[in-house]
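Have a look at the structure below before the remarks.
In the numbering used here, the protein residues as written are 18 to 234.
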């Protein structure tokens, strides 16, 4: 089978890139990796070598080119069904897809006010009511998923695409020292304690690239 090649952006900042990277790493899929620095003179040129959409991440699988995080996750689930990228049970799989799509499309206030920045010193900032509402809804999702799934440390027991979609939120909650419930903190700890997340963090902390817009005091 053709080799997988994932093209990602700065690991310190790129929440979209983190998602498929986490899913593939947690599933134990071997893949080549290319990191493209954002917001420099040749960024667009380098990205367009991989995808005409001009966005990262991009997955190459032989002659196939798949772009956009959720599309990559769906492709992985279809191509490697034995890896159980989605829950096996139909009902849980439907919920997992629903909350993943909600994460993909929503929570703009939280995204804008708390950009992912793994290197950021952990401290609080004042948040808008819209951002606080986003946080409340995310915690509700996590609580409901954990209650529905039963045993296991992740949203649906074992790590799946839904967890990959919410991993950047875990990072945001942690780096902005957002107060969460015991259940949410337990889930966050489980994600941050994975070998995959620790490796991504290690790589992110080695980067010296700065995107000023994402350096929120």
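Here a beta-carbon is modelled for each residue, glycine too, at the ideal position from N, C-alpha and C.
_By DSSP's criteria, residue 49 is part of a beta bridge. Which residues make up the other side?_
Note: residue 49 sits in a beta bridge opposite 22.
*For residue 129, count neighbouring Cβ atoms within 10 angstroms of its own Cβ and tell me buried if that reaches 16, exposed if not.*
Flag for residue 129 reads exposed.
*Hey, is the segment 180–190 in contact with the segment 26–42, meaning 3+ C-beta pairs nearer than 8 Å?*
Segments in contact, yes.
*In terms of residue numbering, what span does the beta strand (DSSP E) encompassing residue 83 cover?*
81–84 is the span of the beta strand (DSSP E), which, as asked, contains residue 83.
*asked:* Please return the same chain residues whose Cβ sits closer than 6 Å to the Cβ of residue 127, not counting the five positions on each side in sequence.
replied: So the list reads 148 and 151, once near-sequence residues are dropped.
*First and last residue of the alpha helix (DSSP H) that includes residue 186?*
Annotation: the continuous alpha helix (DSSP H) that includes residue 186 extends over 178–192.
_On the CB-based measure, 16 or more other CB atoms within 10 Å of its CB, does residue 85 come out buried or exposed?_
Buried: at least 16 other Cβ atoms inside 10 Å.
_Which listed residue (68, 21, 55 and 73) has its alpha carbon closest to that of residue 36_ = Nearest to residue 36 by C-alpha distance, out of 68, 21, 55 and 73, is 73.
*Measure the CB-CB distance between residue 187 and residue 209 and report whether it falls below 9 Å.*
The answer is yes: Cβ separation under 9 Å.
*Please name the residue or residues paired with residue 236 in a DSSP beta bridge.*
Within the shown structure, residues of the chain are numbered from 18 to 234, placing residue 236 beyond reach of any answer.
*Please list, in chain order, all residues of the same chain as residue 190 whose beta carbon is under 7 Å from its beta carbon, the five residues on each side excluded.*
Only 197 and 205 meet the Cβ criterion.
*With respect to the alpha helix (DSSP H) encompassing residue 149, which residues constitute its N-terminal and C-terminal limits?*
Per DSSP, residue 149 belongs to the alpha helix (DSSP H) from 146–166.
*Tell me, please, which residues DSSP counts as bridged to residue 76.*
Under the DSSP definition of a beta bridge, residue 76 partners with 23 and 83.
*Could you check what DSSP says for residue 135 in three-state terms: helix, strand or coil?*
When secondary structure is reduced to three states using DSSP, residue 135 falls in the coil class, being assigned neither helix nor strand.
*Within the chosen definition, does the segment 164–172 reach the segment 139–146 through at least 3 CB pairs nearer than 8 Å?*
The segment 164–172 vs the segment 139–146: no contact.
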